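A short write-up of the structure that comes next.
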Amino acid sequence: SRYVNYAWGYNALVHPMNMAKRLLAMDGGFLDFYNSYSTACTSYATPYTYGTASTGNCQEDWINAKLIILWAFNPAETVHGSLTMYYLRQAKEAGAKIIVVDPRYTDTAVALADEWIPLLPTTDNAIMDAMAYVMITEGLHDQDFLDKHCLGFDEEHMPEGVPPGESYKSYVLGKKDGVPKTPQWAEKISRVPADIIVRLAREYALTKPAALIQGWGPQRHAYGEQPVRGSTVLASMTGNVGISGGWASGAGYVGRQRIPSVPIPNNPFPGKIPVFLWTDAILRGREMGPEDGVVGVERLPNNIKLILNLAGNCLINQHSDCNKTAEILKDESKVEFIVVSELFMTPSAKFADILLPGDSSFERNNISTPWGFGDYVVYANKIIDPPFECRNEYEWLVEVADKMGLKRQFTEGGKTVDDWCRWIVDGIRQNHPEFPSYEEFKKKGIYRWTYDEPYIAFKEQIEDPENNPFPTPSGKIEIFSPRLWDMNDPQEIPAVPKYIPAWEGPEDPLIEKYPLQCIGWHYKRRSHSTHDNNPWAEEAQRQEMWMNPKDAAARSIKDGERVKVFNNRGALMIPVKVTTRIIPGVVAIPQGAWWDPDADGVDQRGCINALTTHRPTPLAKGNPQHTNLVEVAKV
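The sequence shown begins at 47 in the numbering used here and counts up by one.
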């Protein structure tokens, strides 16, 4: 099979990854993927509750919230749209209380939080379940909202054919398993004191409107689908869905514009794999089917043999388990041909059979949209010519298409990058007639939409449910998902969201050997792995691991010392920052450092993916890169 690898080092609408897919679709097809490394679980799980992943109010509406819970949402470091911190600051200045729930005392918490609630990674659902227990037992939940808009909260609102005891309320009260999900139960799991859980539940239930905004870190855990759906249940229980100042939670996408990108023809090969399982498709593609998340075909006909990796570092650095991935890529009996286009000799570039120098964002014209939030489009104009033999990927893909006899079809009669930009603007204008002409857009460099009223997700569904059902099979918010029930895997994929003890979590017996949970976070000095090779950025923020003083003292480790972090998959060397800004029992390594193994395979740069696993999450088959047990040793 031919495979175009996930690659987002190039943020523009005329995108080399999609152009490569366009060409292969015209030449018999290719193995495609779905999902992303950023949001695999949240984009996949949220629709099981709401029928869509577009569940967010616009940021301008945050000013109307009286309480904002930032559950592992850290926009000060993970820049989630250029104005995110501005709107949160506006909300705080307007009187909103802001609570941060996170294993780390993040820069967002430093800047905004009235309270920081630290928890152990992978235990989010234990706290959510206990919050629900408090609301139910104290009568704080919005029963009218649940009766009118939701399926499966209690036994009186379950779908037909499901036996008693399967509702969310029954689960929380322990009707079936005999374990009420009390705050005391959650405290033992999460280390969050029971009285704090009680107070958080009461505040969220009694403060209207309130927004529980969930970041995307918790969904990169072993059972990352569960906190996604758990947050949607809490939003529903408190009646904060579809109202100004509220937040439906889940993925939180906001899409008010319809912006086209370069078209990819129908792929003659219908099969797709989850994006995280491409290394599995190299090793055992012919064995992979629906149980592995394969869609479109019953079984893959072949393993991956050819990879195009254009402007991305997921070939190894941003993928899990660098040591195992390197073994796979080095074996030419498995992957026979790898093409990489890059600006620098990245870890991924080192595995290329053919390495082509690309152009930078300063050396080409293109159109970009904001990442995360934002109602604008930018014309990214060229400043200088690319040096030497550096070329835009589209240029050499056109030459390849010519050799294949597909040039006219591929370029639609000779379109250049500039012509495709004009085509995109024409498409925007069809959807949004107020958008300027291509010439005017190029001259101004940016267009921003303005709206009279803030966008509120599900406003129509809540105000007029008869004429605006939710896009779920039942037309309601599906707290109990019949589709998940029909998968018949209640231990791994339950029909209601619940706490499931994670492998390599705090309850895994492996913690006796590797007693620290290891998570990652996004570093301000780089975007994923981009700019990690910049020595000036190293002066601003060195690559270092956070460790609580209690854990450091137990290992005689001092601040600034270089330590070895290891587990049964790999090891890395990194300086340590001893700080109370992280909960004991947890260490945190900024993700994106360039993997640099020595002769023994020990990474010298501090790349967290030397420690992570290829094991996917059960439903989305997503990347669980924040679920790792490790030990740290002084060297």
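We put the CB at the ideal spot given by N, CA and C, even for glycine.
Remember, predicted model here, so these are calculated numbers, not experimental data.
Rounded to the nearest angstrom, how far is the Cβ of residue i from that of residue j, given a contact under 8 Å?
i, j, result
"I430", "V381", "So it is not a contact: roughly 35 Å between Cβ atoms."
"E590", "P621", "5 Å"
"A656", "G616", "4 Å"
"G652", "M619", "7 Å"
Would you kindly check if the distance between the Cβ of residue j and the Cβ of residue i is under 8 Å?
i, j, result
"C360", "D405", "no"
"I319", "G339", "yes"
"V308", "Y80", "no"
"E271", "A666", "yes"
"A178", "A142", "no"
"S84", "A503", "no"
"A58", "I413", "yes"
"S387", "E445", "no"
"R48", "L165", "no"
"I259", "W293", "yes"
"A118", "P264", "yes"
Rounded to a whole number of angstroms, what is the C-alpha to C-alpha distance between residue i and residue j?
i, j, result
"W740", "R275", "Because the chain in this structure spans residues 47 to 681, residue 740 falls outside the shown range and cannot be described."
"T124", "A157", "14 Å"
"G668", "R661", "9 Å"
"L192", "F199", "7 Å"
"C87", "A176", "22 Å"
"A634", "R135", "26 Å"
"N594", "Q476", "55 Å"
"Y214", "E202", "11 Å"
"K221", "V208", "15 Å"
"G459", "K453", "8 Å"
"N369", "N534", "35 Å"
"H574", "S483", "34 Å"
"W495", "I470", "17 Å"
"E677", "V609", "10 Å"
"E337", "R345", "10 Å"
"D153", "R266", "20 Å"
"K449", "F456", "12 Å"
"Y94", "E506", "19 Å"
"A281", "D188", "10 Å"
"H195", "T658", "40 Å"
Specify, as a first and last residue, the run of the beta strand (DSSP E) that residue i falls within.
i, result
"S277", "From DSSP, S277 is part of no beta strand (DSSP E) but of the alpha helix (DSSP H) over E271 to M283."
"W567", "L562 to H568"
"F612", "R608 to F612"
"V632", "V632 to Q637"
"K143", "K143 to V147"
"A617", "A617 to V624"
"A426", "Y422 to A426"
"L401", "I400 to P403"
"W162", "E161 to I163"
"L530", "Element bounds for L530: not the beta strand (DSSP E) but the alpha helix (DSSP H), P528 to W531."
"E458", "Careful: E458 lies outside any beta strand (DSSP E) and carries neither H nor E."
"E485", "Careful: E485 lies outside any beta strand (DSSP E), inside the alpha helix (DSSP H) at Y484 to K490."
Over what stretch of residues does the alpha helix (DSSP H) that includes residue i continue unbroken?
i, result
"D597", "P595 to A600"
"E333", "Unbroken run through E333: none, as it is neither H nor E."
"D472", "V463 to N477"
"K667", "First-last for K667: undefined, no H or E at that position."
"K318", "Not the alpha helix (DSSP H): K318 falls in the beta strand (DSSP E), residues K318 to P320."
"E584", "P581 to A586"
"V244", "A240 to L252"
"E373", "C368 to K376"
"L134", "T130 to E139"
DSSP beta-bridge partners for residue i?
i, result
"L258", "I115"
"N355", "V386"
"I413", "Y425"
"F79", "I319"
"V218", "According to DSSP, V218 bridges with nothing at all."
"L556", "Beta-bridge pairing links L556 to no other residue."
"P643", "D649"
"V50", "L354"
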